[in-house]
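Chains as they are written, first to last, in the working numbering: chain A, 1 to 113; chain B, 114 to 231.
Before any comments, here is the structure.
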Amino acid sequence: AQSVAQPEDQVNVAEGNPLTVKCTYSVSGNPYLFWYVQYPNRGLQFLLKYITGDNLVKGSYGFEAEFNKSQTSFHLKKPSALVSDSALYFCAVRDLNDYKLSFGAGTTVTVRA
Amino acid sequence: DGGITQSPKYLFRKEGQNVTLSCEQNLNHDAMYWYRQDPGQGLRLIYYSQIVNDFQKGDIAEGYSVSREKKESFPLTVTSAQKNPTAFYLCASSMRAGQGDSNTGELFFGEGSRLTVL
Numbered sequence: 001a002q003s004v005a006q007p008e009d010q011v012n013v014a015e016g017n018p019l020t021v022k023c024t025y026s027v028s029g030n031p032y033l034f035w036y037v038q039y040p041n042r043g044l045q046f047l048l049k050y051i052t053g054d055n056l057v058k059g060s061y062g063f064e065a066e067f068n069k070s071q072t073s074f075h076l077k078k079p080s081a082l083v084s085d086s087a088l089y090f091c092a093v094r095d096l097n098d099y100k101l102s103f104g105a106g107t108t109v110t111v112r113a
Numbered sequence: 114d115g116g117i118t119q120s121p122k123y124l125f126r127k128e129g130q131n132v133t134l135s136c137e138q139n140l141n142h143d144a145m146y147w148y149r150q151d152p153g154q155g156l157r158l159i160y161y162s163q164i165v166n167d168f169q170k171g172d173i174a175e176g177y178s179v180s181r182e183k184k185e186s187f188p189l190t191v192t193s194a195q196k197n198p199t200a201f202y203l204c205a206s207s208m209r210a211g212q213g214d215s216n217t218g219e220l221f222f223g224e225g226s227r228l229t230v231l
């Protein structure tokens, strides 16, 4: 079985400071990892994914994520946060042999001006 | 524009009534999914379909039903048997596993339907 944990319910940062949203995963085989963002009363928007290759993945809106196989982590990062980055962020994983995605509980990011 | 359309965006229902949520996609995806979102619980899979005329139960299928008569459409019925139906419902689609060299399984989501039971 595959699963995702997002250990922080909320992350608060000041605008211009670095932003990190944590994610750890568990799969039986090689993982496909994803980050999505959700604004209030909207659907989820795809940010980035890790499939294979470089451990540092770059995505939309200046976000990037670092895959760490030994720590089974896939933390989302942004060097300089914006107020507009305030939203709910979801990490998701699928096993190579199972196309269903499993989502974490989500982390609410608040960026204060 | 290609995408997924869910309707209605807001829906109110009396207890004991069935209600059907619509999901239509024009992305030519074979696979479609229904998720339920509750505060602090993330997304939970209700039903999914890999191909027309076939679907499987997800983690929380009790009290829900679906059909997949057309590739583009995957409606969800919330029945009176669902004990706590008030939630935000999200439909998604993707390429089917093994379909295409670049298929990495990311989901494309609709804008959601918020169901409130009065």
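Where is the CB? At the ideal position from N, CA and C, for every residue including glycine.
| Close-in-space but distant-in-sequence residues of the same chain around B/Ser186 (CB under 6 angstroms, 5 per side omitted) | Numbered from its first residue, the second sequence carries residue 186 of chain B at position 73. These residues qualify, in order along the chain: Glu137.
| query | Since B/Gln169 sits in a beta bridge, which residues does DSSP pair it with? | reply | Against the second sequence, residue 169 of chain B aligns to sequence position 56. According to DSSP, B/Gln169 bridges with B/Tyr161.
| query | Taking the continuous beta strand (DSSP E) assigned at A/Ala81, which residues delimit it? | reply | In the first sequence, the residue the question calls residue 81 of chain A occupies position 81. Element bounds for A/Ala81: n/a, residue is neither H nor E.
| query | Count the other CB atoms within 10 Å of the CB of B/Leu134; is the residue buried (16 or more) or exposed (fewer)? | reply | Within the second sequence, numbered from 1, the residue matching residue 134 of chain B stands at position 21. Burial call: buried.
| task | Report the rounded CA-to-CA distance for B/Asp214 versus A/Thr52, giving the unit in angstroms. | result | Here residue 214 of chain B refers to the residue found at position 101 when the second sequence is read from its first residue. Here residue 52 of chain A refers to the residue found at position 52 when the first sequence is read from its first residue. The pLDDT assigned to B/Asp214 is 47, lower than 50, so where the model puts this residue is not dependable; a value taken from the coordinates is nonetheless given after this. Spanning the two alpha carbons is a distance of roughly 14 angstroms.
| CB contact check: B/Phe125 to chain A, cutoff 8 angstroms | Walking along the second sequence from the start, residue 125 of chain B turns up at place 12. No, because no Cβ of chain A sits closer than 8 angstroms to the Cβ of B/Phe125.
| said: DSSP three-state label for B/Asp214, please. | reply: Taking the second sequence and counting its residues from 1, one reaches residue 214 of chain B at position 101. Per-residue confidence for B/Asp214 stands at a pLDDT of 47, beneath the threshold of 50, marking its modelled position as unreliable; the derived number appears in the next sentence. In the structure shown, B/Asp214 sits in coil (DSSP, three-state: anything other than H, G, I, E or B).
| field | Exposure label - A/Lys58; buried when at least 16 CB within 10 Å | value | Here residue 58 of chain A refers to the residue found at position 58 of the first sequence. The residue in question, A/Lys58, is exposed, as its Cβ has fewer than 16 Cβ neighbours within 10 Å.
| So, is the C-beta of B/Phe168 closer than 8 angstroms to a C-beta in chain A? | As a first step, residue 168 of chain B must be located in the second sequence, where it is residue number 55. False, the Cβ-Cβ gap to chain A never drops below 8 angstroms.
| task | Taking only beta-carbon positions, decide if A/Tyr32 is within less than 8 angstroms of chain B. | result | The residue you call residue 32 of chain A lines up with position 32 of the first sequence. Yes, its Cβ sits closer than 8 angstroms to a Cβ of chain B.
| Do you know offhand how far B/Ser178's Cα is from A/Pro40's? | Within the second sequence, the letter at position 65 stands for residue 178 of chain B. Within the first sequence, the letter at position 40 stands for residue 40 of chain A. Near 27 angstroms, if we compare the C-alpha coordinates of A/Pro40 and B/Ser178.
| Measuring CB to CB, does B/Leu140 end up less than 8 angstroms from B/Leu203? | Taking the second sequence and counting its residues from 1, the one referred to as residue 140 of chain B is at position 27. Taking the second sequence and counting its residues from 1, the one referred to as residue 203 of chain B is at position 90. Their beta carbons are not under 8 angstroms apart, which means B/Leu140 does not touch B/Leu203 by this criterion.
| task | Tell me, please, whether the stretch 216 to 231 of chain B touches the stretch 115 to 126 of chain B by the rule of three or more beta-carbon pairs shorter than 8 angstroms. | result | As far as the Cβ criterion goes, the stretch 216 to 231 of chain B touches the stretch 115 to 126 of chain B, which means the pair count is three or higher.
| Which chain B residues sit within Cβ distance under 7 angstroms of A/Ala105? | Looking up residue 105 of chain A in the first sequence gives position 105. Correct list: Gly153, Gln154 and Gly155.
| request: Flag this pair as yes or no: are the beta carbons of B/Gln169 and B/Asp143 separated by less than 8 angstroms? | output: What you label residue 169 of chain B is simply residue 56 of the second sequence in a count that begins at 1. What you label residue 143 of chain B is simply residue 30 of the second sequence in a count that begins at 1. It is not a contact, given that the beta carbons lie outside the stated cut-off.
| Neighbour-count burial assignment, A/Val21, 16 or more Cβ in a 10 Å radius | Numbered from 1 along the first sequence, position 21 holds the residue referred to as residue 21 of chain A. Buried.
| Any chance the stretch 66 to 73 of chain A sits against the stretch 1 to 13 of chain A, with 3 or more Cβ pairs inside 8 angstroms? | Per the Cβ contact rule, the stretch 66 to 73 of chain A is not in contact with the stretch 1 to 13 of chain A (fewer than 3 Cβ pairs under 8 angstroms).
| request: Compare the beta carbon distance of A/Ala105 and B/Gln150 with 8 angstroms and say whether it is the shorter of the two. | output: Counting from 1 along the first sequence, the entry for residue 105 of chain A is found at position 105. Counting from 1 along the second sequence, the entry for residue 150 of chain B is found at position 37. B/Gln150 is positioned such that its CB atom lies no closer than 8 angstroms to that of A/Ala105.
| field | Selected residue, minimal CA-CA separation from A/Glu66, among A/Ser80, A/Ala81, A/Lys49 and A/Leu82 | value | Mapped onto the first sequence, residue 66 of chain A falls at position 66. Per the Cα distances, A/Lys49.
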